[in-house]
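In what follows, a structure is listed as structure tokens, so that the remarks can point back to it.
Protein chains: 2
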Amino acid sequence: MNVNLSTFLPGFSVDCVLFGFHSRSLRVLLLKLKNADTWSLPGGFVYQEEDVDAAARRVLKERTGLGEIVLRQFHLFGKAGRVPEGHADRLEALGLVKPEAADWFRQRFISMGYFALVEYSQVQSPTLDPISELCEWVEWNELPPMMLDHLDIASLAREALQKEILEQPIAISLLPKRFTMPELQALFETVLGRQLDRRNFQRKVQSHGIVTRTNERRQGGAHKSPWLYEFDEAQYRRACEQGLGPMA
Amino acid sequence: MNVNLSTFLPGFSVDCVLFGFHSRSLRVLLLKLKNADTWSLPGGFVYQEEDVDAAARRVLKERTGLGEIVLRQFHLFGKAGRVPEGHADRLEALGLVKPEAADWFRQRFISMGYFALVEYSQVQSPTLDPISELCEWVEWNELPPMMLDHLDIASLAREALQKEILEQPIAISLLPKRFTMPELQALFETVLGRQLDRRNFQRKVQSHGIVTRTNERRQGGAHKSPWLYEFDEAQYRRACEQGLGPMA
Numbered sequence: 001m002n003v004n005l006s007t008f009l010p011g012f013s014v015d016c017v018l019f020g021f022h023s024r025s026l027r028v029l030l031l032k033l034k035n036a037d038t039w040s041l042p043g044g045f046v047y048q049e050e051d052v053d054a055a056a057r058r059v060l061k062e063r064t065g066l067g068e069i070v071l072r073q074f075h076l077f078g079k080a081g082r083v084p085e086g087h088a089d090r091l092e093a094l095g096l097v098k099p100e101a102a103d104w105f106r107q108r109f110i111s112m113g114y115f116a117l118v119e120y121s122q123v124q125s126p127t128l129d130p131i132s133e134l135c136e137w138v139e140w141n142e143l144p145p146m147m148l149d150h151l152d153i154a155s156l157a158r159e160a161l162q163k164e165i166l167e168q169p170i171a172i173s174l175l176p177k178r179f180t181m182p183e184l185q186a187l188f189e190t191v192l193g194r195q196l197d198r199r200n201f202q203r204k205v206q207s208h209g210i211v212t213r214t215n216e217r218r219q220g221g222a223h224k225s226p227w228l229y230e231f232d233e234a235q236y237r238r239a240c241e242q243g244l245g246p247m248a
Numbered sequence: 249m250n251v252n253l254s255t256f257l258p259g260f261s262v263d264c265v266l267f268g269f270h271s272r273s274l275r276v277l278l279l280k281l282k283n284a285d286t287w288s289l290p291g292g293f294v295y296q297e298e299d300v301d302a303a304a305r306r307v308l309k310e311r312t313g314l315g316e317i318v319l320r321q322f323h324l325f326g327k328a329g330r331v332p333e334g335h336a337d338r339l340e341a342l343g344l345v346k347p348e349a350a351d352w353f354r355q356r357f358i359s360m361g362y363f364a365l366v367e368y369s370q371v372q373s374p375t376l377d378p379i380s381e382l383c384e385w386v387e388w389n390e391l392p393p394m395m396l397d398h399l400d401i402a403s404l405a406r407e408a409l410q411k412e413i414l415e416q417p418i419a420i421s422l423l424p425k426r427f428t429m430p431e432l433q434a435l436f437e438t439v440l441g442r443q444l445d446r447r448n449f450q451r452k453v454q455s456h457g458i459v460t461r462t463n464e465r466r467q468g469g470a471h472k473s474p475w476l477y478e479f480d481e482a483q484y485r486r487a488c489e490q491g492l493g494p495m496a
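The listed protein sequences correspond, in order, to chains A and B. For what it's worth, the numbering used here labels the leading residue of the first sequence as 1, then goes sequentially. For what it's worth, the numbering used here labels the leading residue of the second sequence as 249, then goes sequentially.
Given below as structure tokens:
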């Protein structure tokens, strides 16, 4: 890294769990460290004059190119021992940090965890950071070995997402503008990690009035072409304020 | 302050919004700075070797004497400009920090906000910190002028509490072991900031099965002595997992 580390606040970082949804599976954006079988969450440090939330937004923008991403603080990772001894040495041995920068990575770091949501197709060619050789969407069920406590961070973010999808209109951020009812159900099922009864789900969605049917159908499937829907965003917001309930 | 500030992590603090409930009003524990008409939340710094959550717990224990307090992270206050210029000079002018410590208070501080819940009667004689001359319960509707962004911190904590009381069995922490149905309703009304219909509320509470009636009545009131109830904690937890809904 050629950046001047002294421009950052010492001992503090942000880590972002970016969720996408594609082909009925929940995915997270991960980076693979150069020369190692270890992956990491997109993350970074906070400039001396930068708001912490803005740093998380910048990190995601650097990876995805997108400035407007739904972003939420969900947990502060503040255990005294969360950066294990030897972490900096390992990064140095892998050639990922220069010897003069290794002391920076020997510090204790407190990290603010953010989760973020994006419509998967908007992030097709994510951008590498300087210490990584891959940046890609990974299926939730196939998470690889991860650096530090990044697996814990991802797991807690998933729990926060499960809560959030029953409380906030976040499906808007995860689906394309038009979608079928089975796609909407698959999103809820994937995030919640359990099957939902089709009829109850449709009844709930309709009683809340959170979608409106368009005049178009999805073309090209083997089966009868299903109707496409759009969110009624104002009504979706109102329904969330009243409480969506268990959705099936 | 005679503590050695270098034993703390630089640039990072915790602030705690401790809620209690008494005489149908929501209260928060505040400290009044010596020689100033300014109050603050209980807060402090994090020792180099201390978990951040443990620091918040220690701060509350120092003020209340209680080790087991329900404590939740709710928001990180990470704006670059949250400590205004002149803050350290003001503390020094008030005689609250020594000149050699003023530089510590000139740093940018990121602060983790916690809210905490306690049964009011357990905290009758809170303990002062070194820069304060009062430490007492203040009614939510009468919050005084507060230091830095502490009023914003308190307001966001209240919002988090409003969410939490519909999702988690936190009334257990805020009420004495035995309570009347009107007291339970008053707690929900006070936290939510709105009146609830008495009959609907009782029906909800009973359908969730979250309380059981004891064989005792509250003595000594002018009116007919009301029954005392206790929480069925296991059932209250289950009901929260299923979703309490709007409670009236």
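Just so it is clear, CB atoms sit at the ideal spot from N, CA and C, and this is done for glycine as well.
Please report how far the alpha carbon of residue i lies from the alpha carbon of residue j, in whole angstroms.
i                : j                : result
Ala364 (chain B) : His150 (chain A) : 27 Å
Gln168 (chain A) : Lys204 (chain A) : 15 Å
Asp89 (chain A)  : Glu100 (chain A) : 12 Å
Arg465 (chain B) : Trp475 (chain B) : 4 Å
Asp51 (chain A)  : Glu489 (chain B) : 35 Å
Leu30 (chain A)  : Asp15 (chain A)  : 11 Å
Asp351 (chain B) : Phe325 (chain B) : 21 Å
Glu310 (chain B) : Asn283 (chain B) : 22 Å
Met249 (chain B) : Gly313 (chain B) : Residue placement at Met249 (chain B) cannot be trusted, given a pLDDT of 48 that sits under 50; what the coordinates show is reported in the next sentence. Going by the C-alpha atoms only, they are around 20 Å apart.
Gln410 (chain B) : Gly493 (chain B) : 13 Å
Pro424 (chain B) : Ala160 (chain A) : 31 Å
Ala248 (chain A) : Phe201 (chain A) : 5 Å
Arg442 (chain B) : Pro430 (chain B) : 14 Å
Gln48 (chain A)  : Arg356 (chain B) : 8 Å
Ser261 (chain B) : Gln73 (chain A)  : 17 Å
Leu308 (chain B) : Leu257 (chain B) : 19 Å
Ser132 (chain A) : Arg237 (chain A) : 39 Å
Is residue i helix, strand or coil by DSSP?
i                : result
Phe357 (chain B) : coil
Lys225 (chain A) : As written in the sequence, residue 225 (chain A) is Ser, which differs from the Lys given in the question. Coil, per DSSP.
Gln483 (chain B) : helix
Asp37 (chain A)  : coil
Ile242 (chain A) : The residue asked about is misnamed: residue 242 (chain A) is Gln in this sequence, not Ile. The answer is helix: DSSP assigns Gln242 (chain A) an H, G or I state.
Glu100 (chain A) : helix
Arg31 (chain A)  : At residue 31 (chain A) the sequence reads Leu, which differs from the Arg that was named. Residue state, collapsed to three classes: strand.
Ala419 (chain B) : helix
Met249 (chain B) : Confidence is the limiting factor: at Met249 (chain B) the pLDDT is only 48, short of 50, which leaves the residue's position unreliable and the question unanswerable from this model.
Ser13 (chain A)  : strand
Ser6 (chain A)   : helix
Gly67 (chain A)  : coil
Gly329 (chain B) : coil
Val366 (chain B) : coil
Gly268 (chain B) : strand
Locate the alpha helix (DSSP H) running through residue i, then write down its first and last residues.
i                : result
Pro430 (chain B) : Met429 to Leu440
Arg338 (chain B) : His335 to Ala341
Asp400 (chain B) : His398 to Glu412
Val453 (chain B) : Arg446 to His456
His300 (chain B) : Before going further, note that residue 300 (chain B) is Val rather than His in the sequence given. Segment Val300 to Thr312, the alpha helix (DSSP H) holding Val300 (chain B).
Ser373 (chain B) : It is not in any alpha helix (DSSP H) - Ser373 (chain B) carries neither H nor E in the DSSP assignment.
Leu391 (chain B) : Counting along the chain, Leu391 (chain B) falls outside any alpha helix (DSSP H), and DSSP gives it neither H nor E.
Alpha carbons only, please: which of the options is nearest the one belonging to residue i?
i                : options                                   : result
Gly292 (chain B) : B:Lys472, B:Arg306 and B:His270           : B:Arg306
Leu404 (chain B) : B:Met360, B:Thr286, B:Arg461 and B:Phe269 : B:Met360
Phe19 (chain A)  : A:Arg178, A:Leu143 and A:Leu196           : A:Leu143
Arg275 (chain B) : B:Ile418, B:Asn389 and B:Arg447           : B:Asn389
Ala304 (chain B) : B:Phe436, B:Ile413 and B:Tyr362           : B:Tyr362
Gly86 (chain A)  : A:Arg106, A:Ile69, A:Glu136 and A:Arg238  : A:Arg106
Ile358 (chain B) : A:Asp53, A:Asp129 and A:Pro126            : A:Asp53
Leu344 (chain B) : B:Lys327, B:Gln372 and B:Asp377           : B:Asp377
Phe269 (chain B) : B:Phe427, B:Pro332, B:Arg330 and B:Arg320 : B:Phe427
Asn252 (chain B) : B:Leu435, B:Tyr484, B:Lys346 and B:Val386 : B:Lys346
Gln206 (chain A) : A:Gln185, A:Val70 and A:His223            : A:Gln185
Gly11 (chain A)  : A:His75, A:Arg82 and A:Arg72              : A:Arg82
Glu233 (chain A) : A:Arg199, A:Gly209 and A:Arg198           : A:Gly209
On the DSSP letters alone, give me the boundaries of the beta strand (DSSP E) that residue i sits inside.
i                : result
Asn463 (chain B) : Val459 to Arg465
Val294 (chain B) : Gly291 to Tyr295
Arg320 (chain B) : Val318 to Phe325
Select from the segment 314-334 of chain B all residues with a C-beta closer than 7 Å to any C-beta belonging to chain A, and list them in chain order. Taking 7 Å as the Cβ-Cβ cut-off against chain A, the residues of the segment 314-334 of chain B that qualify are Gln321, His323, Leu324, Gly326, Lys327 and Ala328.
Using a beta-carbon distance cut-off of less than 9 Å, what residues from the segment 31-55 of chain A approach chain B? Val46, Tyr47, Gln48, Glu49, Glu50, Asp51, Val52, Asp53, Ala54 and Ala55
Along the segment 392-412 of chain B, what residues have a CB closer than 9 Å to any CB found in chain A? Listed in sequence order: Lys411.
Identify each residue in the segment 92-122 of chain A for which the Cβ-Cβ distance to at least one residue of chain B is less than 8 Å, and report them in chain order. Arg108, Ile110 and Met112
Beta carbons nearer than 7 Å to chain B: which residues of the segment 201-228 of chain A have them? none
Near-chain B residues of the segment 172-199 of chain A - C-beta to any C-beta below 9 Å: none
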